[in-house]
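Letter 122 of the sequence shown, counting from 1, is numbered 122 in full-length UniProt numbering, and no numbers are missing.
Worksheet for the structure shown next.
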Amino acid sequence: MPAHAESTTQPAEQSVGPSGAAPVPPPAPAPADHWVHCALTRDPAALARLHGGLRKALVFLGERFADPITLDELSRQAHVSPSHLSYLFRTELRTSFKGLLGRIRIHKAQELLAADRRLPITEVAMNVGYGDLSHFEKSFRRIVGQSPREYRRNLPGTAARG
């Protein structure tokens, strides 16, 4: 029997993997990093699939990530209640408002660290919305897996320092 005939007898969620042995799970929801990209680039195709209030919230976060933002303020911008917006974040994006905001800020911090290697880390933290260097460094390490200094040191083209 041809390979394409076999795949039509399998349920979609039980499709056969490349080796023919293990089933391939259905696609996972988009990771938080995908939504960071969508918020910062305003990707029309991805945003179009979202609830209108959530779409407005992501665009607002992408534009104003460095400002102090509360769920109440964001819900006003999105024209939905805070509880409904929180529900939309959990169900459609599989993350929280604060979690996504933190990832957006750290992503922008990575860009700043790479763009200007002489920019003080304290200034990077302030530019992306952190008022406390310690909180910034803890968040950066949790999301990136290394400190801002280590990240900068490990960028391509950076001479190793001893």
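We treat Cβ as the ideally placed atom computed from N, Cα and C, and that holds for glycine.
R149, buried or exposed, once every other Cβ within 10 Å from all chains shown has been counted against 16: Numbered from its first residue, the sequence shown carries residue 149 at position 149. By the Cβ-count criterion, R149 is exposed, with fewer than 16 other Cβ atoms from all chains shown falling within 10 Å of its own Cβ.
Proximity winner among A114, L112, L58, relative to F97 (alpha-carbon distances): Translated into positions along the sequence shown, residue 97 becomes position 97. It is L58.
Have a look at Q77, P68, P156, L40 and flag the residue whose alpha-carbon is nearest the alpha-carbon of L113. Within the sequence shown, residue 113 is the residue found at index 113, counting from 1. Cα-wise, what sits closest to L113 is P156.
Apply the 10 Å Cβ neighbour rule to A109 and answer buried if 16 or more other Cβ atoms are within range, or exposed otherwise. Sequence index remark: in the sequence shown, residue 109 carries index 109 (1-based). Answer is buried; the Cβ neighbour count reaches 16.
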